[in-house]
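Top to bottom, those sequences are chains A and B.
Straight run, no breaks: the first sequence in our numbering ends on number 149.
Straight run, no breaks: the second sequence in our numbering ends on number 730.
Using N, Cα and C, we set each Cβ at its ideal position, and we do this for glycine too.
Structure, as structure tokens:
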Amino acid sequence: MEKGEIQERVIKVVSNVLKVDPSMVEPDSNFVFDLGAESTQSVQLVAAFEEEFNVEMDNEAALSIQTVGGAVDFITRYVQ
Amino acid sequence: MTAKPPAQPRPPHPLESLFCPRSIAVLGVTPTPGTVPNDIFRNILTGGFTGVLYPVAPGKRSISAVPAYRYVLDIPGTIDLAVIVFPANVVDKAIEQCAAKGVKGVIVISAGFRETGADGLARERRLRDVCREHDIQLIGPNCLGLINTDPAVALNASFARKMPDHGRIAFLSQSGALCTAVLDYARGQQIGFSKFVSFGNKAGVSEVDLLEYLHADEQTAVILLYLEELSSGRALIEAARRVTRGANAKPILAIKSGRTPQGAHAASSHTGSLAGEDAVCDAVFREAGIIRVTSIEELFNSAILLADQPMPRGDRLAIVTNAGGPGVMATDAAVHAGLQIARFNGDTTQRLKAALPATANIQNPVDVIGDARADRYQAALDAVLADDNVDQALVILTPQSMTDIEDIARTVCRVADSTDKPLTCSFMGACDVADGIALLHARHIPHYILPEWACRAMADVQRVCRWRQSELETVQLPQAAATLPKYLLNGDEGYLSEDRCLHVLQAYGLPVSDHRLCTCEDEAAAFAASIGFPVTLRLVSPQVIHKSEFGGVALNLRDESAVRAAYRDMLARASAHPDRPTVTGVIVRRMIPAGHEVILGAKRDHVFGPVLMFGLGGVFVEILRDVTFALAPVGPAAARQMIRQIKAAGILEGARGQPPADLDAVCDCLCRLGRLVHDCPRIEEVDINPLIVAPAGQGAAVADVRIRLGPADRAAVE
Numbered sequence: 070m071e072k073g074e075i076q077e078r079v080i081k082v083v084s085n086v087l088k089v090d091p092s093m094v095e096p097d098s099n100f101v102f103d104l105g106a107e108s109t110q111s112v113q114l115v116a117a118f119e120e121e122f123n124v125e126m127d128n129e130a131a132l133s134i135q136t137v138g139g140a141v142d143f144i145t146r147y148v149q
Numbered sequence: 013m014t015a016k017p018p019a020q021p022r023p024p025h026p027l028e029s030l031f032c033p034r035s036i037a038v039l040g041v042t043p044t045p046g047t048v049p050n051d052i053f054r055n056i057l058t059g060g061f062t063g064v065l066y067p068v069a070p071g072k073r074s075i076s077a078v079p080a081y082r083y084v085l086d087i088p089g090t091i092d093l094a095v096i097v098f099p100a101n102v103v104d105k106a107i108e109q110c111a112a113k114g115v116k117g118v119i120v121i122s123a124g125f126r127e128t129g130a131d132g133l134a135r136e137r138r139l140r141d142v143c144r145e146h147d148i149q150l151i152g153p154n155c156l157g158l159i160n161t162d163p164a165v166a167l168n169a170s171f172a173r174k175m176p177d178h179g180r181i182a183f184l185s186q187s188g189a190l191c192t193a194v195l196d197y198a199r200g201q202q203i204g205f206s207k208f209v210s211f212g213n214k215a216g217v218s219e220v221d222l223l224e225y226l227h228a229d230e231q232t233a234v235i236l237l238y239l240e241e242l243s244s245g246r247a248l249i250e251a252a253r254r255v256t257r258g259a260n261a262k263p264i265l266a267i268k269s270g271r272t273p274q275g276a277h278a279a280s281s282h283t284g285s286l287a288g289e290d291a292v293c294d295a296v297f298r299e300a301g302i303i304r305v306t307s308i309e310e311l312f313n314s315a316i317l318l319a320d321q322p323m324p325r326g327d328r329l330a331i332v333t334n335a336g337g338p339g340v341m342a343t344d345a346a347v348h349a350g351l352q353i354a355r356f357n358g359d360t361t362q363r364l365k366a367a368l369p370a371t372a373n374i375q376n377p378v379d380v381i382g383d384a385r386a387d388r389y390q391a392a393l394d395a396v397l398a399d400d401n402v403d404q405a406l407v408i409l410t411p412q413s414m415t416d417i418e419d420i421a422r423t424v425c426r427v428a429d430s431t432d433k434p435l436t437c438s439f440m441g442a443c444d445v446a447d448g449i450a451l452l453h454a455r456h457i458p459h460y461i462l463p464e465w466a467c468r469a470m471a472d473v474q475r476v477c478r479w480r481q482s483e484l485e486t487v488q489l490p491q492a493a494a495t496l497p498k499y500l501l502n503g504d505e506g507y508l509s510e511d512r513c514l515h516v517l518q519a520y521g522l523p524v525s526d527h528r529l530c531t532c533e534d535e536a537a538a539f540a541a542s543i544g545f546p547v548t549l550r551l552v553s554p555q556v557i558h559k560s561e562f563g564g565v566a567l568n569l570r571d572e573s574a575v576r577a578a579y580r581d582m583l584a585r586a587s588a589h590p591d592r593p594t595v596t597g598v599i600v601r602r603m604i605p606a607g608h609e610v611i612l613g614a615k616r617d618h619v620f621g622p623v624l625m626f627g628l629g630g631v632f633v634e635i636l637r638d639v640t641f642a643l644a645p646v647g648p649a650a651a652r653q654m655i656r657q658i659k660a661a662g663i664l665e666g667a668r669g670q671p672p673a674d675l676d677a678v679c680d681c682l683c684r685l686g687r688l689v690h691d692c693p694r695i696e697e698v699d700i701n702p703l704i705v706a707p708a709g710q711g712a713a714v715a716d717v718r719i720r721l722g723p724a725d726r727a728a729v730e
């Protein structure tokens with residue numbers, strides 16, 4: 070899967086889970102500071118990424134990711 | 013003649029942006045009720061804040077129907093105060109935007125800093141550095157927040173459940189969790205606050221800054237402090253002294269946890285400081301004029317009396333009661349707490365006799381008898397409060413079937429309005445007396461369930477009065493004292509030679525017997541003859557620390573030939589010794605007659621600065637640890653208190669027919685030693701052991717002294 074496609078799908082998931090306009094979501098967006106994620110939404114995000122990409126991620130490592138770009142890189146490791 | 017320029021308005025206090033903001037942004041608000049970020053925002057909103065409030069909530073259109081902003085930078089207009097509730101790992105981003113926005117005050121509620129370990133500490137330091145760089149006043153992190161009940165501001169920037177009532181008590185706490193309990197307790201007691209601050213990790217604003225601010229705050233009459241550590245000991249003392257004395261004096265009451273030996277040990281091993289020693293903490297508070305109390309209950313019992321009643325002119329108490337037993341209990345408690353039971357003058361007893369039934373007790377405590385109604389209380393209170401021998405009154409009531417409790421409460425309120433003497437009440441019970449107590453609360457007349465509590469509170473007020481009356485006396489120093497700190501700049505770190513020690517003590521007027529460092533036998537013999545016999549000889553050599561073991565001390569030399577023999581013997585020992593110590597000379601001193609041996613010490617603590625120690629010599633110090641501490645410098649009153657506080661003080665005061673020792677001389681030495689270590693930052697430690705004290709009026713003299721200097725850059729650093 071191309072990284073561009075991964076990024077597109079990550080942005081869509083983030084936009085859906087955090088209920089923010091997709092135009093707000095950029096690679097360097099911080100989930101909390103820029104997109105207003107609450108602590109419980111971090112868990113929801115990880116679950117939604119797993120479902121979207123049909124992978125099972127290391128939860129502890131996944132929860133430590135703070136930005137959209139970080140999530141794209143992390144997921145890329147699983148899907149390639 | 014030039015016209016006087018118009019007075020410039022006083023610039024606002026730097027902490028004004030925290031306490032009296034006109035606009036607030038809450039950064040990191042979420043829409044979920046019951047979370048800290050949401051509750052903080054709602055508390056400000058529903059608390060009646062009189063300024064403008066903005067939620068910063070990325071991705072949200074509004075919070076509680078208030079339009080939200082993605083970033084603080086997006087908000088139009090200026091922001092005085094930012095309250096940050098973002099998680100710790102993005103607080104630095106929030107602070108940087110606040111700095112760019114020109115925000116002047118920041119409260120960081122978020123936890124996850126110093127208290128979590130090395131990473132958290134690094135985060136906290138970055139936070140502190142940004143705030144310093146941009147001149148931002150920072151409260152927190154890891155705190156409950158701040159409350160200002162002033163109706164002109166009405167700010168509850170905390171996650172406490174309710175806005176407290178407006179009052180004249182300010183509460184500062186290092187513990188956030190304690191704050192919520194205190195607020196709830198105070199609410200139950202109908203106690204209001206002027207300001208309420210949880211300062212958490214105090215990365216920016218400390219208790220010292222807050223004391224300075226509250227000193228100037230017109231709405232605050234009493235300051236309460238809860239501390240877990242005394243990390244800014246010296247600055248706290250200096251600030252507290254300014255707050256608690258002078259024209260605008262305000263009492264400070266404090267609880268410092270860690271009173272037990274276990275807690276003290278933990279603190280001591282943690283900080284490597286005398287801070288862990290509870291006796292030192294007591295000394296800090298005493299020297300700073302802070303009244304240390306032992307419980308939250310005592311804290312508020314005393315605070316309401318200080319906040320709501322006039323200060324008494326003295327410690328003489330009148331008790332008016334309708335129950336003999338509680339009157340006697342109150343008398344015991346008052347005497348035990350150090351109050352005086354007032355002796356009425358003749359006019360008062362005549363008035364009481366005329367107004368009360370024959371069975372009443374017209375002496376203090378005045379018993380108006382169990383069937384008393386409001387008129388008897390009125391007559392008794394009017395009479396005792398008019399008496400010049402009475403400084404304050406305690407009203408006790410037990411609820412009999414004929415007792416008109418509310419009428420009596422109203423009477424007490426009227427009496428309070430017409431007197432300038434403090435009144436306290438104890439309406440004993442719970443249910444029957446509740447309405448009467450409510451009337452007293454409404455008029456801010458301090459009420460205590462038990463008379464003993466009232467007495468304890470009045471005793472704390474006396475401590476405040478005594479502190480205000482005591483002056484910071486100073487001792488007259490010789491001229492040489494002025495140049496001593498410079499003199500001490502020279503020389504290596506470590507122990508000073510004995511001749512330099514004596515020079516240092518003499519420069520501050522401490523009693524050192526006539527002496528000279530002699531470098532030949534003839535000089536020693538001639539000097540001994542000039543000062544009179546008997547004399548002592550002491551070898552001076554940088555390599556010989558333990559003189560006695562070396563044979564470098566000769567006592568009670570009664571003539572010139574004995575001096576010469578001792579001198580030759582000492583030098584012979586030195587030259588025969590395998591280490592070949594360098595001999596600087598021999599000190600010839602006039603022998604000090606026997607007397608009481610006491611120890612005076614001083615040590616520079618890294619938290620409190622110079623601390624003085626006093627104790628009796630020998631077993632009293634080494635085994636019984638019977639010593640007292642005080643922060644240097646001390647005045648004669650504090651020095652006298654140090655002496656009285658050792659358990660064996662009676663020995664010095666003249667036990668078993670022995671003449672009392674010259675305690676004035678000891679006081680003088682403590683004052684001078686205190687000034688010495690205060691003025692000379694290079695002095696790390698002084699040990700005068702012993703100071704030999706003659707009978708009263710005959711003085712004292714230093715027999716032996718050791719002084720240790722700190723690093724050479726110490727003087728420059730301080």
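Coil, strand or helix - residue i by DSSP
i: R385(B); result: coil
i: M625(B); result: strand
i: S76(B); result: coil
i: F6(B); result: Here chain B covers residues 13 to 730 and nothing more, so residue 6(B) does not appear.
i: Y238(B); result: strand
i: I449(B); result: helix
i: G506(B); result: strand
i: D379(B); result: strand
i: R355(B); result: coil
i: P49(B); result: helix
i: E696(B); result: strand
i: N128(A); result: helix
i: V524(B); result: coil
i: C477(B); result: helix
i: R718(B); result: strand
i: T42(B); result: coil
i: G339(B); result: helix
Alpha-carbon to alpha-carbon, residue j and residue i
i: I408(B); j: L675(B); result: 44 Å
i: L364(B); j: A395(B); result: 7 Å
i: L190(B); j: A106(A); result: 30 Å
i: D591(B); j: V556(B); result: 10 Å
i: V714(B); j: A519(B); result: 14 Å
i: Q481(B); j: I302(B); result: 14 Å
i: P458(B); j: K113(B); result: 47 Å
Whole-angstrom C-beta distance between residue j and residue i, which should lie under 8 Å
i: P176(B); j: A193(B); result: No, P176(B) and A193(B) are not in contact; Cβ-Cβ is about 13 Å, not under 8 Å.
i: G613(B); j: D699(B); result: 5 Å
i: F641(B); j: V619(B); result: About 13 Å; that fails the 8 Å criterion.
i: G711(B); j: A677(B); result: 5 Å
i: V598(B); j: C530(B); result: 5 Å
i: V120(B); j: V38(B); result: That pair is no contact at about 12 Å.
i: N85(A); j: T136(A); result: N85(A) to T136(A), Cβ: 18 Å. No contact.
i: L158(B); j: F171(B); result: No, L158(B) and F171(B) are not in contact; Cβ-Cβ is about 11 Å, not under 8 Å.
i: V646(B); j: V600(B); result: The pair is not a contact, with the Cβ atoms about 33 Å apart (cut-off 8 Å).
i: P369(B); j: Q404(B); result: In fact, because the Cβ distance is near 26 Å, the residues do not count as touching under 8 Å.
Beta-carbon contacts of residue i that lie in its chain and below 6 Å, excluding the five residues immediately before and after
i: P723(B); result: E505
i: L226(B); result: A182, T232, I235
i: L688(B); result: Y520
i: H277(B); result: Reliability fails at H277(B), whose pLDDT of 49 lies under 50, so the model's placement of it is uncertain and the value that follows must be treated cautiously. Within the same chain, H277(B) has no close Cβ partners at all.
Spatial neighbours of residue i in its chain, beta-carbon cut-off 7 Å, leaving aside the 5 residues before and after
i: A466(B); result: L406, T436, S438, Y460
i: T423(B); result: A386, Y389, Q390
Cut-off 8 Å between Cβ atoms - residues of its own chain near residue i, not counting five sequence neighbours on either side
i: G204(B); result: T161, P176, D177, H178, G179, R180, I181, A198
i: P99(B); result: G40, S122, G124
Practice problem: Could I get the ranges of all uninterrupted alpha helix (DSSP H) runs contained in the segment 600-681 of chain B, with 4 residues as the minimum, in chain order? | Solution: Runs of alpha helix (DSSP H) with 4 or more residues, each lying fully within the segment 600-681 of chain B, are found at 631-634, 648-657, 661-666, listed in chain order.
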